[in-house]
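In the numbering used here, the protein residues as written are 190 to 766. Virtual Cβ for every residue (Gly too), placed ideally from N, Cα, C. Here the structure is laid out as structure tokens; the discussion comes afterwards.
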């Protein structure tokens, strides 16, 4: 035990030195300082109104006293109504002891009373600008998630029960798990979310058969083998985000969007982005367009002898697609029959919590950090995404791994989530500043390669999918962007979030979707008259795409014209960060 603690202390000290010594915008020191500054600003607003302070503190004290009385009743064997109860969907307090045992019930309710009071204080703080309020809400969410009694062994009945049953061996195993995560971490602690040994890309994940038919420094292009005797004449190219790896669309046979579309008679191609190192640090957003999307488009057309193709852009791949469509429209080029956007933004005025990380100070610090290393480490971006949902993506794994001493459960989606990618400084700086910070594409102020871009000149049919609970590309943000295109837009709202809303296969549908052919000025107005459909949106999309894919032709063999370089899923996707 002493040896474990000594080694763990050294590893933790090394990690803290790396994370705080680089001056990055997400370092522990800078984030703590920012949180203190914001909470101090909130406090200053309240100090100007002593009467309001007294009233709100009295309300908190009243709830505490009510809880103390209820707890005393329960300790004496009587029943008592709860003062505060978890919200629906909050699974942290599912163990029966949280309600059955007065001790744990007290800590649960005290926590809920306190955090809800803090939320109310922030809501009622007057005079804050919107950005300051949103950043304060973000840090309050981090603090509230961290201070939950579920995260401390002495106030978590599950941890206490396991500790007593195993004579503390769970804590020893937890220390070993913590050391394992420290050893594999870079500048930030990488908490294991799944058993990564249970999966291997190409063996039991990303297994749809196909061939790499084209590659350059930035991409490999995969053509998937047909599973039908005939296919639609117009092929389909998918452009996934480079922030993650493409196989989110090919997790396994039952969850694979790629396999589904192949089974519906489409010739499917997908871009597999390189996981860049410092060698590619100067690759720009424009080069991701020319050497990525446009190079892939040209290769698909040559391989299939098709004059036009259909194209999908997912997340930042959709932002690249929107930019490319405007670029091609300005040049009078029309290589696409239709375009589809999955949870993708072209307008960033309502881009959600990620906007909180983007201002001149943060961008400067991030740029300096990337310049020093030659890339943005994938773990940093993964940490940012995890911080958007800390009570789902951070603390449950700290409890499971480090307190209960268990290995994380094998889960293909979380394996993909941890398989992060690096980003080139030139591309990422442009993306954050030009899109998120200055919103130039939506404002008609962006130029690529000397060509001024106007989304209104994009006239081709568009299928726009967003997810109702998306915290990365919020539905409202996607809706606003969809109104900027000059052609017909089929807008579809899926249930759930950024990933689960998209990966919702028909065989095991978990969520619904909504459609509405009527135009509306706002998302709320669109939803009022939208039709809800149970199950997956995939069949709806396959039907829509078939209308833009021409007659049937004999199925195509991957690489029949360009040649096959290697089997799918290729080698680029297997490069670890």
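- In summary, residue 328 is buried, with 16 or more beta-carbon neighbours lying within 10 Å of its beta-carbon over all protein chains present.
- The three-state secondary structure of residue 701, taken from DSSP, is coil.
- DSSP places residue 434 in the coil class of the three-state scheme, outside both helix and strand.
- Looking at the backbone, the Cα of residue 621 and that of residue 316 are separated by about 28 Å.
- Nearest neighbour of residue 389 by Cα position, chosen from 616, 720, 608 and 748, turns out to be 608.
- Contact between residue 569 and residue 464 does not hold, since the beta-carbon distance rounds to 14 Å and is not under 8 Å.
- Here residue 508 really is in contact with residue 624; their C-beta atoms are around 6 Å apart, less than 8 Å.
- With distances taken between CA atoms, residue 224 lies nearest to 545 out of 461, 632 and 545.
- DSSP places residue 567 within a helical segment (H, G or I) once states are collapsed to three.
- When DSSP states are grouped into helix, strand and coil, residue 247 belongs to the helix group.
- Note on the stretch 516-573: whole beta strand (DSSP E) runs with a minimum of 3 residues are 525-531, in chain order.
- For residue 539, the closest C-alpha among the options 594, 336 and 627 is that of 627.
- DSSP places residue 296 in the uninterrupted alpha helix (DSSP H) bounded by 291-312.
- Boundaries of the alpha helix (DSSP H) harbouring residue 665: 664-671, taken from the DSSP string.
- Proximity to residue 363 across 312, 589, 727 and 761 peaks at 589, based on C-alpha coordinates.
- Residue 633 and residue 641 have their C-alpha atoms spaced approximately 8 Å apart.
- One Cα belongs to residue 531, the other to residue 460, and the distance between them is close to 15 Å.
- The residues 346 and 347, in chain order, have a CB closer than 8 Å to that of residue 284 in the same chain once the five nearest residues on each side in sequence are set aside.
- A distance below 6 Å between beta-carbons, with the five flanking residues on each side excluded, links residue 296 to the following residues of its chain, in chain order: 338 and 344.
- Here the alpha carbon of residue 232 sits roughly 37 Å from the alpha carbon of residue 606.
- Residue 742 sits away from residue 500, with the two beta carbons spaced by 8 Å or more.
- Around residue 751, the same chain offers 402, 403, 488, 491 and 492 as residues with beta carbons nearer than 7 Å, after the five sequence neighbours per side are excluded.
- Here the C-alpha atom of residue 426 lies approximately 24 Å from the C-alpha atom of residue 659.
- The stretch 425-445 makes no contact with the stretch 577-594: fewer than 3 CB pairs, one atom from each, lie closer than 8 Å.
- Its chain contains 565 and 614 as the residues whose beta carbon lies nearer than 6 Å to that of residue 559, once the 5 sequence neighbours on both sides are disregarded; these appear in chain order.
- When the Cα atoms are used, residue 533 and residue 667 turn out to be separated by approximately 6 Å.
- For residue 319, the enclosing alpha helix (DSSP H) begins and ends at 319-335.
- Contact annotation: the stretch 405-422 does not touch the stretch 357-375, with fewer than three C-beta pairs closer than 8 Å.
- In this chain, the alpha helix (DSSP H) harbouring residue 587 covers 584-587.
- Setting aside the 5 residues that flank it on each side, residue 287 is surrounded in the same chain by 293, 294, 297 and 346, each with a C-beta closer than 7 Å to its C-beta; the list follows chain order.
- By alpha-carbon distance to residue 575, the top candidate from 257, 236, 380 and 261 is 380.
- The three-state reading of DSSP puts residue 228 in helix, counting H, G and I together.
- Around the CB of residue 356, fewer than 16 other CB atoms lie within 10 Å, so the residue is classed as exposed.
- Judged by DSSP in its simplified three-state form, residue 362 adopts helix.
- Scanning its chain for C-beta atoms nearer than 6 Å, with the 5 sequence neighbours on each side dropped, one finds around residue 577 the residues 542 and 660, in chain order.
- Less than 8 Å separates the beta-carbon of residue 304 from that of residue 333.
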